[in-house]
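Under mature numbering (1 follows the signal peptide of the UniProt record, and there is no 0), read the sequence shown as residues -25 to -1, 1 to 182, first letter to last.
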Amino acid sequence: MTFTRFGSYLVVAAAALLVAGCGSESESDSASSADGGSTPSHCAQGSGEYFSANRESGEPEFSVPKIQGWTQLTDLDSATIRLTVADPSLTVEGFTSNAVVLVGTSAVSGEAEFDREIASLKKIAVADSVSRQPSSTTCGYPSVLIDYRMKASTQEPMITSVTTLLVSVPGRPTSTTATLTLQSADPDDPSYISAKQAIIDGFRVTQ
């Protein structure tokens, strides 16, 4: 199956977030910020099928639900890009809606990690487009949802809508940050809205 162009700017955006976690804050700072969520936690339950992100030894397992029409792509798999899925029916002017899971390590976790990564994101997103929801937890780990806009890599200039779920899994000596990023050129499409919510709500973290 051939997909139209998608995700190059998405991957750059998500990878830039992970780079922000490579700082030198102390582990005590990490521990003090790990419990930042104040809204109810969620962790998907049920027996539905899932796409599992590639993982290295000792890492948590991150997975997203299989949504009808969304297909896994492996061309972009790397040490950082662990899972890519896309729906070719949700294509606008050569841009296909997609979801990417990236995984990286960080010297900090929780709110400290979120603040660092959001600061990095603001450098590459469309100006003044970054907004974050209140921190929460996903499967017991600190998480936060961020919405922003990006310039897409298409023949004609295009602004895409991006939603990112950051999940911080505290650890020693380093913590693990998972970045689930969904991007669309038509964010108001009912099919995309439904799929995006199902993927975010169904995101799983298991040790």
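Think of the CB as a built atom: it goes at the ideal place given N, C-alpha and C, for glycine as much as any other residue.
Do residue j and residue i count as a contact pair if the criterion is CB distance below 8 angstroms?
i	j	result
Glu88	Ser143	yes
Thr154	Thr138	no
Pro40	Val180	no
Ala19	Gly115	no
Asp52	Asn29	yes
Ala127	Phe37	no
Can you tell me the Cβ-Cβ gap for residue i and residue j, rounded? I've got them flagged as a contact below 8 angstroms.
i	j	result
Asp164	Leu58	Going by Cβ atoms, the distance from Asp164 to Leu58 rounds to 22 angstroms, so no, they are not a contact pair.
Val78	Thr55	7 angstroms
Ser150	Val105	With a Cβ gap of about 22 angstroms, Ser150 and Val105 do not count as contacting.
Glu92	Leu141	6 angstroms
Ile175	Ile42	Actually they do not touch by this definition, with Cβ atoms about 11 angstroms apart.
Phe26	Val75	Not a contact, Cβ separation roughly 11 angstroms.
Leu96	Ile134	Not really, about 15 angstroms apart at Cβ, beyond 8 angstroms.
Consider the Cβ of residue i: report whether some Cβ of chain C lies at a distance smaller than 8 angstroms.
i	result
Gly69	The structure shown contains no chain C; it is built from a single protein chain.
Can you list, in chain order, the residues of its chain whose CB lies under 6 angstroms from that of residue i, leaving out five sequence neighbours each side?
i	result
Ser72	Asp62, Leu65, Ser159 and Tyr167
Tyr123	Ala100, Ser104, Val105 and Val137
Ser8	Because the pLDDT at Ser8 is just 39, under 50, the model does not fix this residue reliably, and the value given afterwards should be weighed accordingly. Excluding positions up to five away in sequence, the list reads Gly85, Glu86 and Ala87.
Lys171	Leu157
His17	none
Gln47	Phe26 and Val60
Gln182	Pro35
residue 183	In the structure displayed, the chain extends from -25 to 182; residue 183 sits before or after that span and is not available.
Pro132	none
From which residue to which residue does the alpha helix (DSSP H) around residue i run?
i	result
Glu92	Gly85 to Leu96
Asp176	Pro165 to Gly177
Take residue i and list the residues in its own chain whose beta-carbon comes closer than 7 angstroms to its own, dropping the five residues that flank it on each side.
i	result
Glu(-1)	Residue confidence is low: Glu(-1) scores 43 on pLDDT, short of 50, so the model does not pin down where it sits. Its coordinate-derived value is still stated next. Closer than 7 angstroms at the Cβ level, and outside the excluded window around Glu(-1), lie Ala82, Val83 and Ala87.
Trp45	Val60, Ala61, Asp62 and Ala170
Pro162	Ser136
Tell me which residue opens and which closes the beta strand (DSSP E) that residue i is part of.
i	result
Ser104	Taken as a continuous stretch (DSSP letters only), Ser104 belongs to no beta strand (DSSP E), as it is neither H nor E.
Ser126	The question names Ser, but residue 126 in the sequence shown is Lys. Residues Tyr116 to Lys126.
Ser81	Phe70 to Ser81
Leu48	Thr46 to Leu48
Ser143	Ile134 to Val144
Thr112	Ser111 to Thr113
Gln158	Ser150 to Ser159
Pro35	Here Pro35 belongs to no beta strand (DSSP E), and DSSP marks it neither H nor E.
Arg57	Ile56 to Val67
Ser27	Tyr25 to Ser27
Using a Cβ-Cβ cut-off of 8 angstroms (strictly less than) and excluding sequence neighbours within five positions of residue i, which residues of its own chain qualify?
i	result
Ser118	Gly12, Ser110, Ser111, Thr112, Leu140, Leu141, Val142 and Ser143
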